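Before any comments, here is the structure.
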Amino acid sequence: MVISNLDRICTPFSMNPKLSSIIDRKPTIGRIIFTDSASFLLTLGAIASGIFIETIPVGLGLMYFLIKRVRLIQNAFAKGVSVKALIVGKQRAYGAWKLRYRYTYQQKDYESCHQIIRFKAEVRKGETMEAFLNPEQPDTAFLSNFYLG
């Protein structure tokens, strides 16, 4: 059976493994807001500030920082580099899990701390997970298990 170039172009993303990995690596805005503690709090603040006319400018400022945070996370996955991260700390903090992890990028060691919203964080200290980072800001990495699946 001969496959033409048209068949390759028309193949759905889910059936083409090369394209499927690109699509799957970018978390949705909703997934980010309900996973990332900072994004969730910025969203709540922006919504709450819309109640009174006087606080609308505050809400617009919070929306600006929310958009920056969401783009930071999405770009880390879409354009970033995958590294192996070692979980070195796990602690329950203010309704979220505070995870501390170490990773190496370009022969330099980094340690990052991240608060995620989960009832149960199925991560153990000493476990290795995949993280994505933006090469321009290697000091911030995001664990793929929580944002992608």
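Numbering (full-length UniProt numbering), first residue to last: 1 to 149. Glycine included, every Cβ here is placed at the ideal spot set by N, Cα and C. As the structure is a computational prediction, the values presented were derived from the model and not from experiment.
{"Check": "Output the distance between the C-alpha atoms of ARG69 and ASN75, rounded to the nearest integer angstrom.", "Outcome": "10 angstroms"}
{"Check": "In chain order, what residues of the same chain have a beta carbon less than 7 angstroms from the beta carbon of ALA78, not counting five sequence neighbours either side?", "Outcome": "ARG25, LYS26"}
{"Check": "Let me make sure I understand the geometry here. Which of LYS125, THR55, ASP109, LEU42 has the alpha-carbon closest to that of GLN91?", "Outcome": "LYS125"}
{"Check": "Relative to the C-alpha of SER49, which candidate in SER39, GLY61, PHE132, PHE40 has its C-alpha closest?", "Outcome": "GLY61"}
{"Check": "According to DSSP, simplified to helix, strand and coil, what is GLY30?", "Outcome": "helix"}
{"Check": "If the criterion is Cβ atoms closer than 8 angstroms, does the pair ILE117 and THR55 meet it?", "Outcome": "no"}
{"Check": "Below 6 angstroms CB to CB, which residues in the same chain sit around GLY89 once its five sequence neighbours on both sides are set aside?", "Outcome": "ARG100"}
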